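Following: one structure in C-alpha cells, then a few remarks.
Number of protein chains: 2
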Amino acid sequence: MSVSQYSLILTAVDFSAQSENLIARALAMRDLCGARLCLLHVVEYLPMAYSGDLVLPEGFDLEQELLDVASRQMATLGERLGVPAGDCHVEIGNTGHTILRVAEELGADLILVGSHGRHGLAVLLGSTARSVLNGAHCDVLAVRVPED
Amino acid sequence: MSVSQYSLILTAVDFSAQSENLIARALAMRDLCGARLCLLHVVEYLPMAYSGDLVLPEGFDLEQELLDVASRQMATLGERLGVPAGDCHVEIGNTGHTILRVAEELGADLILVGSHGRHGLAVLLGSTARSVLNGAHCDVLAVRVPED
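First to last, the protein sequences are chains D and W.
Count the first sequence with my numbering and you get residues 1 to 148, in order.
Count the second sequence with my numbering and you get residues 1001 to 1148, in order.
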C-alpha cells in the first residue's frame, strides 16, 4: 500500500437518502487520491426466525427478488457516479463479513462505511460496523451521515 | 464541513515506532486536503489501583514528570513534521474522552487513530478506539499500523 494515497476504495452503500454524505465523501476521496472506487451493497439474509413464518406465493424467490431490486438501484447509482458496472457489487449475506470478504478479494486499501453522528458508529450500524472495524486488514474511514 | 475535503485533522499519536504509518497517513491527508494538522498525545491517568501502592520520592510529581516527558517528545515530533507548537497538544486524562473533547474544542472534521491489522481496531486499541468511534461527531479514519 502506498502511504501517500489510497488506490482502491470500497464504499458500502445502502441507497438511503442519508448515505448521500457518504457517497460525496467517497467521490472526494476518489478524486483526491486518483483512486479506483468500488461500490458494494449487501442484501442481508432474512433472519431464519422470520423466513420460517413467511408465506410466499408459489414460485416466488424472495432472495432473488431482493437481489434484482438492489441490482437495479446499484446500476442507477453507479451510472450517476460514473462507476463502471464491473466495480458495482451486489452481494447477499452478512453485511460485515461480506464487506470484509469483498475488500480482500478486490485488494481494497480503504473501506468507507457510514456512521451516525448522534449515536455513534457502533450503536447504529451495530454489528456491521464493528465487525468491519475489528476485521479489516486495511484502513477504515467512518463517515458521519445525518440522522433521519 | 465541506464535503469535498477535510479542513482540520486531529491525529492521536503515541510516539511508538509502530505509529509511523499513522503519521505518514496524517501527512498525506494534510497535503491532499490542504488541511491544518493537529497532533494530540494523551497521558493516561495512572489507575488508582496502582497509584495507591506507589511509593514515590518526596516532592516527586509523577503526573507532571509524565507530562514533561510527553511534551518533549511532542515538541520533537511536531518539529519533524512541520506542525506548529500551537497545534501540538499534550493532555492528561482518559484517552478516548480526551480525543473527543479536543476534537470538539478544535472543531476537527476528521480524527485519525491507529488500528492494528491482525487483531483489528477494537481489540488492540480497546476502549479508546471504541469510545472515539462511538462518540465522535466527525469522521474517523482508523489507520492500520503494523504489529510489534
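No residue lacks a Cβ here, since even glycine has one placed at the ideal position from N, Cα and C.
Bear in mind the structure is a predicted one, so any value in this text is a computation, not a measurement.
As for any beta strand (DSSP E) of minimum length 3 sitting wholly inside the segment 5-53 of chain D, the runs are 8-12, 36-43, ordered along the chain.
Closer than 8 Å to the CB of L10/D there is not a single CB belonging to chain W. Annotation: G78/D to H89/D spans about 10 Å, alpha carbon to alpha carbon.
Judged by DSSP in its simplified three-state form, E1063/W adopts helix. Among the residues of chain D, those whose CB is under 8 Å from the CB of L1032/W are Q5, L32, C33, following chain order.
Three or more Cβ pairs drawn from the segment 4-12 of chain D and the segment 107-116 of chain D lie within less than 8 Å of each other, which places the two stretches in contact. Under the three-state reduction of DSSP output, H1089/W falls in the strand class. The alpha-carbon of I99/D is positioned some 43 Å away from that of E1063/W. The continuous stretches of alpha helix (DSSP H) do not include A1108/W, and DSSP gives it neither H nor E.
In terms of Cβ geometry, A142/D and S115/D form a close pair [threshold 8 Å].
When secondary structure is reduced to three states using DSSP, G78/D falls in the helix class. When rounded, the separation of the alpha-carbon atoms in V1102/W and L1027/W is 19 Å.
Closest in alpha carbon position to V1042/W, among I1023/W, M1029/W, A1070/W, is A1070/W.
Not a single C-beta of chain W is nearer than 8 Å to the C-beta of V13/D. For V1143/W, the nearest CB of chain D lies under 8 Å from its own CB, placing it at the interface with that chain. Cα atoms of L37/D and I1023/W: separation of roughly 24 Å, rounded to the nearest angstrom.
The beta carbon of V69/D does not come within 8 Å of any beta carbon belonging to chain W, so the residue lies off that interface.
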